[in-house]
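Enquirer: According to my numbering, the stretch in the sequence shown is residues 71 to 484, in order.
Glycine included, every Cβ here is placed at the ideal spot set by N, Cα and C.
Okay, here's the structure, questions in a sec.
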Amino acid sequence: MTTYHHYRPEDAAEWDRTDPLADLRQHFTLPPGIIYLDGNSLGALPRTVKARLEQVITEEWGRHLIQSWNQAGWYEMPRRVGDKIAALIGADAGEVVVADSTSVNLFKALAGALRLRPERKVILTEAENFPTDLYMVQGLIDLLGGIHRLERVSIEALSEAISEQTALVLLTHVNYRTGAMHDMETITAQAHAQGALMIWDLAHSAGAVPLHLNAAGVDLAVGCGYKYLNGGPGAPAFIFVAKHHQREFIQPLSGWLGHTDPFAFAPDYQPAEGIARAQVGTQAVLSMSALECGIDLMLETDMSQLREKSLRLSAMFMDTVAMNCPELTLITPRNPHQRGSQVSFCHPEGYAMIQALIAQGIIGDFRAPDILRFGFAPAYLRYTEVWDAAQALIRVVKERLWDQPAFKRKNAVT
Ligand SMILES: *Cc1c(COP(=O)(O)O)cnc(C)c1O
């Protein structure tokens, strides 16, 4: 029998009063009357975005047109913003570039890594990995003629499953369903002990938990711009290639902006030195400008304070709800070393429960088949909001407020 910590509303109020990150919230635009527990899916809007995009549109694009590639720094932008992300994830300048989507970056990372281990044919991952990670591997295996094999195992069985057949281990650092966080350093070391490479998907980690990619010896990583980095819907993603792999790292999407000299317009592909070879084509300047606003806010924030607040928010929510709603099954680890910045519960009527909460202005989301998912973006959430959200969820469950036909109709995006 688990003993949960008993939180009181006064605790939440006190923590808000003494929160060293309290001022950060005013740098985001948040609609009134909404408690937003979905920053893990789409981060909130930084206030600076509007003025920055206005400037890019009016001045850089509207007035200076094509000259802005040089004069406004558009051309270097993927590497420049990549360097800023590097500082957030424990990487060095020149190891990260902003490009494409997470899915496309996965493809590049996977294909490049397989070339580094040509004699090995197994790609090992967690069975519960995010679907796009699994799908991108499947597509790549098919493209390469079906000589590779994707092995999906439970996270508990993973370290045993790494062998001298394993070309690479692909994991999402914080599982999107359960919020469980994997031990980056230990698993990376286990992969290396067998001669395998390690690729981490940081979609639910970057901007949410402290990361030390180089200290952990990570080979390759990808991450998402629109979740905890607050880059906006469909924001460009990023890819990390450790410096010592860059010379050998060849990815198959050999577009002109990954070429050593794009404006020589040479007929043959010659990969650029360094991380630029992970680029493909022209990037979305407007989207990347918005993303940079989100990154800049994160760079000004103390990541250990952010982590401490995130853990306290999620602990308060999970214990308060779990204690009062035995009907819900908590699937997120209570151990703070083993979870990211989200809390998930299971219930067969989870979808309707989430809809009932949304009707009250409390936004979480649902993941099939039965998961109620709540993300805690410590940059802009207050403790009292999270307290109120927990109380609302308890009422939805206890008073069966979810049990209405309108809450059971499925939307395309859940
Ligand atoms: C959100 C997410 C992605 C997103 O991929 P896109 O290509 O941006 O759609 C990828 N991997 C994981 C683990 C995610 O959570």
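Under 7 Å from any heavy atom of ligand 1, does the C-beta of Lys-297 make it?
Expert: Result yes, Cβ under 7 Å from ligand 1.
Enquirer: In the DSSP output, what is Pro-341 paired with across the bridge?
Expert: Answer is His-329.
Enquirer: Is Thr-172 closer than 8 Å to Gly-293 when the C-beta atoms are compared?
Expert: Closer than 8 Å, so yes.
Enquirer: Under the rule that 16 or more other beta-carbon atoms within 10 Å means buried, what is Val-467, buried or exposed?
Expert: Result: buried.
Enquirer: What first and last residue would you give for the alpha helix (DSSP H) that runs through Gly-301?
Expert: Here Gly-301 belongs to no alpha helix (DSSP H), and DSSP marks it neither H nor E.
Enquirer: Within the same chain, show all residues whose beta-carbon is closer than 7 Å to that of Gly-160, passing over the 5 residues directly before and after it, in chain order.
Expert: For Gly-160, where only same-chain residues beyond five positions count, the Cβ hits under 7 Å are Leu-281, His-282, Leu-283, Asn-284, Ala-285.
Enquirer: Which runs of the beta strand (DSSP E) spanning at least 3 residues fall entirely within the region 385–458, listed in chain order?
Expert: Fully enclosed beta strand (DSSP E) runs of 3 or longer: 412–416, 435–437, 441–445.
Enquirer: For Pro-79, collect the residues of the same chain with a Cβ closer than 8 Å to its Cβ; drop the 5 residues on either side in sequence, then sort them by chain order.
Expert: Correct list, in chain order: Thr-454, Trp-457.
Enquirer: Tell me whether Glu-226 sits in a helix, a strand or coil according to DSSP, three-state version.
Expert: Helix, per DSSP.
Enquirer: Going by Cα to Cα distance, which pick from Asn-405, His-417, Glu-378 is closest to Glu-397?
Expert: Ranking Asn-405, His-417, Glu-378 by Cα distance to Glu-397 puts His-417 first.
Enquirer: Taking DSSP's pairing of strands, which residues face Ile-309 in a bridge?
Expert: According to DSSP, Ile-309 bridges with Val-167, Val-292.
Enquirer: Anyone know if the C-beta pair for Val-391 and Ile-441 falls short of 8 Å?
Expert: Not a contact, by the Cβ cut-off of 8 Å.
Enquirer: Would the beta-carbon of Asp-271 be found less than 7 Å away from any heavy atom of ligand 1?
Expert: Yes, ligand 1 has a heavy atom inside 7 Å of this Cβ.
Enquirer: From what residue to what residue does the alpha helix (DSSP H) around Val-239 run?
Expert: Element bounds for Val-239: not the alpha helix (DSSP H) but the beta strand (DSSP E), 236–242.
Enquirer: Return the residue from the list Ala-273, Val-192, Ala-163, Gly-277 that minimises the CA-CA distance to Val-239.
Expert: Checked all of Ala-273, Val-192, Ala-163, Gly-277; the closest Cα to Val-239 is Val-192.
Enquirer: For Leu-115, I'd like the list of residues in its chain whose CB is within less than 6 Å of its CB, leaving aside the five on either flank, ordered along the chain.
Expert: The residues are Thr-99.
Enquirer: Please indicate yes or no: does the CB of His-274 lie closer than 7 Å to some heavy atom of ligand 1?
Expert: Result yes, Cβ under 7 Å from ligand 1.
Enquirer: Cutting at 6 Å between CB atoms, please list the residues of its own chain near Asn-199, excluding the five before and the five after it.
Expert: Correct list, in chain order: Thr-242.
Enquirer: With hydrogens ignored, establish whether the beta-carbon of Tyr-246 is closer than 7 Å to any heavy atom of ligand 1.
Expert: Indeed, a heavy atom of ligand 1 lies less than 7 Å from the Cβ.
Enquirer: Which value, in whole angstroms, describes the spacing of the CA atoms of Gln-474 and Gly-431?
Expert: When rounded, the distance between both Cα atoms is 17 Å.
Enquirer: So Ser-411 packs on Phe-446, CB below 8 Å; how close in whole Å?
Expert: Ser-411 to Phe-446, Cβ: 5 Å. Contact.
Enquirer: Would the beta-carbon of Phe-39 be found less than 7 Å away from any heavy atom of ligand 1?
Expert: The displayed coordinates of the chain run from 71 to 484. Any statement about residue 39 would go beyond what the structure contains.
Enquirer: If Ala-278 and Ser-380 are in contact, beta carbons under 8 Å, what's the gap, nearest whole angstrom?
Expert: Sure, about 7 Å apart at Cβ, within 8 Å.
Enquirer: Ligand 1 heavy atoms versus the CB of Thr-195: any closer than 7 Å?
Expert: No - ligand 1 has no heavy atom lying nearer than 7 Å to the Cβ of Thr-195.
Enquirer: Is DSSP giving Asp-212 helix, strand or coil here?
Expert: Helix.
Enquirer: Per DSSP, which one or two residues make a beta bridge with Thr-99?
Expert: Leu-115, per the DSSP bridge assignment.
Enquirer: Going by the C-beta, is Asp-86 closer than 7 Å to any heavy atom of ligand 1?
Expert: Checking every heavy atom of ligand 1 against the Cβ of Asp-86, none is found closer than 7 Å.
Enquirer: With a threshold of 6 Å on Cβ separation, who are the neighbours of Val-244 within its own chain once the five nearest residues in sequence on each side are excluded?
Expert: These residues qualify, in order along the chain: Met-251, His-274, Ser-275, Gly-410.
Enquirer: Whose C-alpha, out of Asp-253, Glu-189, Gln-264, Trp-472, is nearest the C-alpha of Leu-230?
Expert: For clarity, residue 230 is Glu in the given sequence; the question names Leu instead. When only C-alpha atoms are compared, the closest one is Gln-264.
Enquirer: Assuming Gln-321 and Ala-342 form a contact by the criterion Cβ under 8 Å, report the distance between their Cβ atoms to the nearest whole angstrom.
Expert: Wrong, their Cβ atoms sit about 11 Å apart, outside the cutoff.
Enquirer: I need the straight-line Cα distance from Lys-478 to Met-423, nearest angstrom please.
Expert: Those two C-alpha atoms are separated by around 9 Å.
Enquirer: Which of helix, strand or coil does DSSP assign to Ala-250?
Expert: Correct three-state label for Ala-250: strand.
Enquirer: Please list, in chain order, all residues of the same chain as Glu-255 whose beta carbon is under 6 Å from its beta carbon, the five residues on each side excluded.
Expert: Excluding sequence neighbours, Glu-255 sits near Ala-286.
Enquirer: Strictly by DSSP, which residues pair up with Trp-270?
Expert: Trp-270 is bridged to Leu-241, Ala-291.
Enquirer: For ligand 1, is there a heavy atom less than 7 Å away from the beta-carbon of Ala-307?
Expert: For ligand 1, at least one heavy atom lies less than 7 Å from the Cβ of Ala-307.
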